[in-house]
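Take a look at the structure below.
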Amino acid sequence: MKKFNVTLAGLFAVNCLFAQVTILEESFTPTGVSNDGLVVGYYDQSSPYSLWNPESGEMTEIGGVSAGNGIGGKAKFSVDGKYISGTMWTEWAYSKEWEKNTLTDYPYTFDHICNVPRMTDMMFAVGYDANDDKGVVLTSMDGKFWSRSVESQKGLEAICFLTDAVGIVGGKDGMFAYTTNRGNSWQSIDPRPEGCNDVIASYKTIDFIQEEPYYGVVGAELADGKFTAYQSSDGAETWTQTTGITGVPLCITHVNDIFYMGTKEGHILKSTDHGITWEKIFTSGGFLQPIMPIHKIKFANANIGIATTNTFIYRTTDGGATWKVNVVDDNISQKASLYDAVWIDENNVIIVGSEGYAYSSVDAGATWTRLNIEPDGISDLKSIVMTENTLAIGGINGNLYHQKLTDKTTVGSMGKYDITTNEWTPLGNLGCISDGISISSGYAISGDGKTVVGLASTGQPNQASIGRYSHAIAWNEEKGTIDLGSLFDNKGRSTRANVVNYDGSVIAGWQDERGPWHSAIWRKNTEGGYTPNEYILIDPEADPKSDDNHAMQAEAISLDGKWIGGSGRSIQSGPLSILSDDQLIANQAWIWSEETGFKRLGMISELENNEAAVAHVSGINNDGTTVVGFIEVGNFMYGFIWTKDGGIMSINTYLADIMKYNIGEYHYASILDMSPNGRYITGWGINNNTSSLFTCQIDLLYNPASIQTPGKAESIATIYPNPVSDVLHIDLPFEGEAQIRLVDVQGRIVINEETYTSQNSYPVNTIESGLYILEVVTEGMHRTYKIKINH
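Its first residue numbered 312, the sequence shown is counted upward by one per residue in my numbering.
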């Protein structure tokens, strides 16, 4: 670790102060810095937070969990440094009862659900409407909240994932498509071999071995009532016509390298060459038994498997060499069909069917017990799948069911860390899990430590077109969790609370509507909740609904809540991107107050006229005269500082030109936080000689003991909160004599104190409500502030 003392001139002071730059030669990402210069951050994504003391060099792990791998949040300090907000691990309890939800926007039949390799709880379902002319692909991480992946103008019946990203769907009228990005987009393909003119009525079933070289087979019913299947030996890159098929394929499965097929005509077929040639090994029916379609074949291991038909199943214990009838229920309706099965392990298996019929077996299918999954007992259960923690069933009329296999799991939750007790406390959530791992994330804490804000997963389980999204939330000691909502719940658009002022009365963050994150402000109401979020308008006289008139996301707030800062927006470029002068500067960071309105901060000289640059604000002092942040341009970044008098410049330039400090081999890529009193900033950068990362803490107002305290600048006192109800805080960036006086409108002095410390607090709960004048006097400097006391 290296320490540098560098001269600071012009930022805050009339006279010459000094600043200390402390560098940690490690890849440590800082997220917050306290009024005492203590830095909180993390070494790796989804790892514990640590505290870095730049003065001593000590690094202390404190637990919690940093952002990454489905976890969100940032660790931030309260004003007194006693509390840190962020995200932590906590236990989440599940009900192990079967739950049903009905999709009102997709009242479809879901013939097939599949899981995704190496994705703990991810699953996909395909369905079709009553007319077979519309289809949908849905995805879920928990079986409760389903989200639309894609709609189709043709019904979909089959789906299979080859890898954790590559999947294939098939359905009516030759519909066949694939994804390479886990369902974010789909492309149509034709699996018919070259020269094949088959007219496909429907692709009924798809199965692939989920490891290289990804052997697979797709079975189809033809328009003339005949049947076929195509085989691939290279993960659906090329296809070959199969031989030996004896009926319309309803299901295909594999055990190790052996493929099995069940047909509408009641045949079980087997292939030992990865699905190229097939032989019939069994036909349903027999003495006093009609021929029945083989709906599904599922194996527990290489020997034990079952094949579902209409009113009973066939069972093999010798790898499919022989199949024997197994009567599941003597009282089952003769009109029933048993559609699908899933093996939980080699002994436990569940089958589901029409009219709500469902059964479980604990002895590998030898005996069966009726299950009550469909409470009304009349809805068909068409398909079933198991992930690591969930059983999920697809039904008809939009019905989907799920059951948890565990009663609890570990998830990320918004939390608060008490430095004194070294303990984390989980805070709010909205009862929904995102990506199977997160219920909420903490992004900021109020200066008084009483309010924590962030976001929580929420959703509409009956609306797959909306699915799961997020709401900004606040938690405080009085109300607990407060759902801050979204302006576009009907579209499933998310919000997030990024920052909060000293007393929790003003929260700022973002609102999503069509993709870009627009600014959002929530203000505390008289009941202790918050008003619906409002946009920050660039021009209050212009159209308030216009996207171009909305400031982008809010990322920083002053302690009194009067000043808010935020990011620019990406500038569109390329053909037909004719931009106005205002649009050309839209990538600049901004600050705003109700009194002064919206102001762009400009662009650093290194990136002037660079349309690829986007600036972000990470800290703003209490009177809005100093702002810090970073600018992204491609894969490169610049930290910046803006002052009311000096404008914007990169931290590199500021250190070199204003501080007269030789930055040497260090590029300061990002400033990620400013302490509440405006004294410290922290960020990270790159050593240009070694290409290694470093972390920095800069004390903007450092004053070595060997140097006499000069005259103090009037612009450096930080006063908060204002209005105030209980304790008034006055932070000075120096240790030295100062006089603090609070005077009422009639000139009576109600507080008159001498102080020698930088951080000062004065109880005002016994002082009458009203307007007061605060005087800060030191070494000939005299500044006054208007203070409002509100009880």
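No residue lacks a Cβ here, since even glycine has one placed at the ideal position from N, Cα and C.
G478: member of the beta strand (DSSP E) spanning 478-482, first to last residue.
If you check the CB distance, S345 and F388 come in under 8 Å. In this structure the stretch 991-1005 does not touch the stretch 368-378; the number of beta carbon pairs closer than 8 Å is below three.
Annotation: the stretch 791-815 contains the following complete segments of the beta strand (DSSP E) (minimum length 3 residues), in chain order: 791-796, 806-811.
Here R1059 is not bridged, per DSSP, to any residue. Within the stretch 894-966, the complete beta strand (DSSP E) segments of 3 residues or longer fall at 901-904, 908-911, 924-931, 937-944, 947-954, 958-961, listed in chain order. Around the C-beta of G616, 16 or more other C-beta atoms lie within 10 Å, and the residue is accordingly described as buried. In the DSSP assignment, T474 is bridged to no other residue. For G527, the secondary structure class from DSSP, reduced to helix, strand or coil, is strand. Contact annotation: G709 and Y419 have beta-carbon atoms nearer than 8 Å.
Out of T837, R834, H927, F799, the CA that lies nearest to the CA of A862 is found in H927. Rounded to whole angstroms, the separation of the alpha carbons of N999 and D968 is 19 Å. Counting along the chain, the unbroken beta strand (DSSP E) around N787 starts and ends at 778-787. The Cβ-Cβ distance between G478 and F435 falls below 8 Å.
Short of 8 Å from the beta carbon of S694, and not among the five residues preceding or following it, lie these beta carbons of its own chain, in chain order: F421, D422, H423, I424, A436, Y650, D651, V663, I704, G705.
In the structure shown, D871 adopts coil according to DSSP, grouped into three states. For N426, the three-state secondary structure derived from DSSP is strand. In this structure, the alpha-carbon of L1039 lies about 11 Å from that of I1062. In the DSSP assignment, no residue is bridged to Q464. I969 carries a helical assignment under DSSP once its states are collapsed to helix, strand and coil. In this structure, the straight-line span from the alpha carbon of T678 to that of N637 is close to 8 Å. Here G667 carries a helix assignment [DSSP, helix/strand/coil]. The DSSP assignment places 607-610, 616-619, 624-627, 635-637, 649-654, 660-664, 669-672 as complete runs of the beta strand (DSSP E) inside the stretch 596-682, in order along the chain (cut-off: 3 residues). Annotated three-state conformation of D859 is helix, per DSSP. Close CB contacts of P428 within its chain, under the 8 Å cut and outside five residues either way in sequence, are with F472, L473, T474, D475, Q521 (chain order). By the 16-neighbour rule on beta-carbons within 10 angstroms, P987 is buried. Three or more beta-carbon pairs drawn from the stretch 601-608 and the stretch 618-625 are found closer than 8 Å, and the two stretches are therefore classed as touching. Around the CB of V510, fewer than 16 other CB atoms lie within 10 Å, so the residue is classed as exposed. Rounded to whole angstroms, the gap between the alpha carbons of A755 and V817 is 12 Å. Between N1033 and D871, the CB-CB gap stays under 8 Å.
For the pair G876 and A900, the CB atoms are nearer than the 8 Å cut-off. When DSSP states are grouped into helix, strand and coil, V448 belongs to the strand group. The alpha-carbon of G536 is positioned some 36 Å away from that of N412.
Counting only unbroken stretches of 3 or more residues, the beta strand (DSSP E) elements lying wholly within the stretch 486-545 are 487-490, 511-519, 527-533, 538-543, in sequence order. Remark: C-beta atoms of V448 and V480 approach each other more closely than 8 Å. Cα atoms of I784 and P1074: separation of roughly 30 Å, rounded to the nearest angstrom.
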